[in-house]
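Quick note: the sequence shown uses our numbering, first residue 331, plus one each step.
The beta-carbon is built from N, C-alpha and C at its ideal position, and this holds for glycine as well.
Just below is one structure, and these are the notes that go with it.
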Amino acid sequence: MSIRHSGIRRQAAFGVVVALAVLCAGCVGSKRSGGSSGSDTAAIPLTPSLWLSPSISTAVIPYKDACGQPAVFSVADPLVEAVPKKLNRVFHGVTPQFGLEQRVTAAGVIEVGLGLKHIDLVIPRHIQGAYPVSVTLGAEMVFLAEDGKTLFAKKLQSVGRGEVTVTDQSCEVKGLEPIVQEAVDAVTEGLAKQVAASVRVREYAEQQKTRIPTAASLSTQQAGIASSASVTGGVQANRIAPPAGIPTASSRLQATTLTFHAIVRDESQDHMLQQGESLTIEVEVKNEGQAEAEGVEVLIGGEGALTEHFPQSVAIGDVQPGEIKRTSVTNRVMDLKDATQGELVLSVRSLTPLASLPSAKKFIFQVKPEKGDSGAIVSDVDRLPKPLAASKQTRTVVIAIGVGRFRDERVPTVKYADRDAEVTAAYLRAIGGIPGDRVHVLVDKFALKADLAETFDEWLPKRVDAETVVYVYFAGRALVDGTSGAVSLVPYDGTIASPNRLYPVRHIQEVLARLPIQRAIMMFEVSLDPSPGADPGTTPQADWGDGAQDDRDDVMWMVGNRNLQEAHAYEQGKHGLFTYYLLRGLQGLADVDRDGTVVAGELCTYVRGEVIHAAREQFGNAQQPLCSPPPGQGAVVRIHPMAKGNNPKPPAQAKKADTPADAPSQAPKPVDMGPKP
């Protein structure tokens, strides 16, 4: 933005022209009425975990001081202080989490990230006086349920306004602090009020109240817990009943506090069970009390045939104060022919009295019918979908690369790779109304290593700014380094015998890390081979999202194949299997919550489930796509709107009809998700 002026006068206020692009779903002004967050309604009876994105914990706003030199103002501390303060008024409390990893507890997890940050200030050099300034902050908040589903997602933007002063003896700009604090308070207050008004979050809180059995209601047969409800001092009992004739030691035992986390993973990781599939229970128990917890066990209960495949209890042993112990058990699930779903309820018990009863964890899996007719009608995925919104995405960039044939005939071909790239680029352009000069497609002999380098090093940097969304699609072949797991793409002039002829994915990561983009969505349909001389048995898993992206939560990876194998081609759809379902999802079928918008997280989850199912049913082997970040991590990028939803709710029927093989496996309850077009 350029500002022209004439005749600068000393002691005169300088007018500032403010031009703000409002990209959020709603904006919060700097003037607000008194009262605490959510004061009109009761506090939500949850104590969710709170994870602050690195975009908040390291946030600084650049500006120029009175001497015209670059300067930065840190907003990390005000945000880190304000966010939990506001949310503690909405919930019964929040539990901050630190580090890059978060755990989704029964109370849910809140993720908060910072987007737009800008100081609008123009000061003539060394001219003493007062000058108007505006500080703009845009923040995003997501609430995730225990199972990783998004219940709430909002973007808000606030503007703080005021005046700063400078003197002719110093370059320092004085008075920024209260204006920044005003913007921080406004945006955090607005987000707190939004989540306080969320019907779905409040419904989830009520469900958490009713779905967990109390200590008095849990029977010994179902949960293996002693039937007494309390002991002296009001401490709830969650103890193993001693054998008859042996005196209890409760009077000598000091009560302690146990917490535990549990994950149940099915082999295909699609939350759908079928005959012969393995199921793994992973449990982590922590003693947060002052006394030793003796004889800790994990109890496995529930309803239906699923419980018959696991022992009633798994021993953890004694757990010292502050100690964490983990255990896991894996069994293959059989004899589910007549079952429609399976349920597991996990809880813990101890010989030592517990000061509070840890909440049980309940997991429900749908059971797939046995393999039958999977010949669903294939729709024409080459028919372009409807635009996402009336306005065009003039700052979005699309790079689509498809290499299915190679100059070196010893490199195996990849069927439909060029077609996949061309159609995917056309889809993204049609959905977003993206100008043609911002769509770059490279196929086969036009995808040399030099072409890829020119695209990412020269073409892309000239077309991005802080509001740019970058889509990168690649279909073809890649090699995985046998030591580091680093992935390198094979261009048209590449060869599997020489690493110097390959194009490293790490270079793309480094380019994106340098560019001032809003976010990037990476979609890769790849056949993966080990690097020359590497042992496939010891080659590590392909590294897609690490390294250059460690400090960013604005890049999402959708990779069609995470293992060393050929990616399947889907002959009926005339596309790669991953790309076929990617296009189906962009047509609107990935809108599983039926809110009218397909977001990135929905799209990848839909594609992953469909590819796993189709690979097993039609090809007899596994193909497991990768979604990174997964639910519970980096949720801000997961709610990026990708396409217009087109997933009509099926009519109600007395008897459940057979579901097409390419339909979503299970539609969750509607969620309040993300910015709407």
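request  = Compute the beta-carbon to beta-carbon distance between Ile-838 and Phe-786, rounded to the nearest angstrom, for a pair I have assumed lies under 8 Å.
outcome  = Cβ atoms of Ile-838 and Phe-786 come within 8 Å of each other, at about 6 Å.
request  = Work out the CA separation of Ile-646 and Gly-619 for me, nearest whole Å.
outcome  = Between Gly-619 and Ile-646, the C-alpha separation is close to 17 Å.
task = Just list the alpha helix (DSSP H) runs in the region 729 to 778, keeping only unbroken ones of 4 residues or longer that don't cross its boundaries, in chain order.
result = Taken in chain order, the whole alpha helix (DSSP H) runs of length 4 or more contained in the region 729 to 778 are 747 to 762.
key: Collapsed DSSP secondary structure at Trp-789 in the structure displayed   = helix
query = Are there 16 or more other CB atoms within 10 angstroms of the CB of Gln-524, so buried, or fewer, so exposed?
reply = Result: buried.
task = Could you give the DSSP three-state label for His-970: helix, strand or coil?
result = coil
ask   = Distance, Cα to Cα, Asn-891 vs Pro-400?
value = Looking at the backbone, the Cα of Asn-891 and that of Pro-400 are separated by about 45 Å.
message = Comparing C-alpha positions only, which one of Lys-394, Leu-451, Leu-376 sits nearest to Phe-421?
response = The alpha carbon of Phe-421 has as its nearest neighbour, out of Lys-394, Leu-451, Leu-376, the alpha carbon of Leu-376.
ask   = Is it buried or exposed for Gln-848, if we count other Cβ within 10 angstroms and need 16 for buried?
value = Around the beta-carbon of Gln-848, 16 or more other beta-carbon atoms lie within 10 Å, marking it buried.
message = What residue range does the alpha helix (DSSP H) around Lys-415 cover?
response = 406 to 420
task = Could you tell me the distance, in whole angstroms, from the CA atom of His-970 to the CA atom of Lys-416?
result = 25 Å
ask   = So, helix, strand or coil for Lys-691, using DSSP?
value = strand
task = Go ahead and label Phe-804 buried or exposed: buried means 16 or more other beta carbons lie within 10 angstroms of its beta carbon, across all protein chains shown.
result = buried
ask   = Are Met-886 and Met-853 touching if we call contact CB-CB under 7 Å?
value = no
task = Assuming Arg-737 and Asp-823 form a contact by the criterion Cβ under 8 Å, report the distance between their Cβ atoms to the nearest whole angstrom.
result = Indeed they touch by this definition, with Cβ atoms about 5 Å apart.
ask   = Ordered along the chain, which non-local residues of its own chain (more than five positions away) have a Cβ less than 8 Å from that of Thr-743?
value = If the five residues before and after Thr-743 are omitted, its C-beta is found closer than 8 Å to the C-beta atoms of Gly-734, Arg-735, Phe-736, all from its own chain and listed in chain order.
task = Reducing DSSP to helix, strand and coil, say where Thr-587 ends up.
result = Thr-587: coil per DSSP, three-state reduction.
task = Taking the CB atoms as reference points, tell me whether Asp-774 and Asp-748 lie closer together than 7 Å.
result = yes
message = Going by DSSP in three states, Ala-579 sits in which element: helix, strand or coil?
response = Annotation note: pLDDT 39 at Ala-579 (below 50); position unreliable, coordinate value reported separately. Of the three classes helix, strand and coil, the one that applies to Ala-579 here is coil, per DSSP.
key: Ile-838 (DSSP reduced to helix, strand or coil)   = helix
ask   = Using CA coordinates, which residue listed in Glu-519, Lys-974, Pro-392, Val-517 is at the minimum distance from Ala-930?
value = Lys-974
key: Simplified DSSP assignment, three categories, for Ser-857   = strand
task = Mind reading off the beta-carbon distance from Asp-712 to Val-753? Whole number of angstroms is fine, and I expect it under 8 Å.
result = 6 Å
task = Name the one or two DSSP bridge partners that Arg-849 has.
result = According to DSSP, which records beta bridges pairwise, Arg-849 is partnered with Val-799.
query = Any idea if Ser-658 is buried or exposed, counting beta-carbon neighbours within 10 angstroms, 16 or more meaning buried?
reply = Exposed: under 16 other Cβ atoms inside 10 Å.
ask   = From Tyr-534 to Glu-653, what does the alpha carbon distance come to, in whole angstroms?
value = 31 Å
Supposed close pair Gln-487, Leu-521 - CB separation, criterion 8 Å = With a Cβ gap of about 11 Å, Gln-487 and Leu-521 do not count as contacting.
ask   = Among residues of its own chain, excluding the 5 on either side of Ala-796, which ones have a beta-carbon nearer than 8 Å to its beta-carbon?
value = Leu-446, Pro-846, Ile-847, Gln-848
key: Local conformation of His-898 per DSSP, three classes   = In the three-state reduction of the DSSP assignment, His-898 falls in the coil class.
message = Within the continuous alpha helix (DSSP H) that includes Leu-912, where are the two ends?
response = 907 to 914
request  = Count the other CB atoms, across all protein chains shown, that sit within 10 Å of the CB of Asp-876; report buried if there are 16 or more and exposed otherwise.
outcome  = Low per-residue confidence applies at Asp-876: pLDDT is 47, beneath 50, and the placement is therefore not dependable, though the value from the model is reported in the following sentence. By the Cβ neighbour-count rule, Asp-876 is exposed, with fewer than 16 other Cβ atoms within 10 Å of its own.
query = In chain order, what residues of the same chain have a beta carbon less than 6 Å from the beta carbon of Lys-539, not counting five sequence neighbours either side?
reply = none
inquiry  = Less than 7 Å between the C-beta atoms of Val-613 and His-639, yes or no?
reply    = Cβ atoms of Val-613 and His-639: not closer than 7 Å.
task = Would you kindly work out how many angstroms separate the C-alpha atoms of Asp-477 and Lys-692, rounded to a whole number?
result = 10 Å
request  = Work out the CA separation of Ile-826 and Val-741 for me, nearest whole Å.
outcome  = 7 Å
Residue interval of the alpha helix (DSSP H) (run including Arg-938) = 930 to 944
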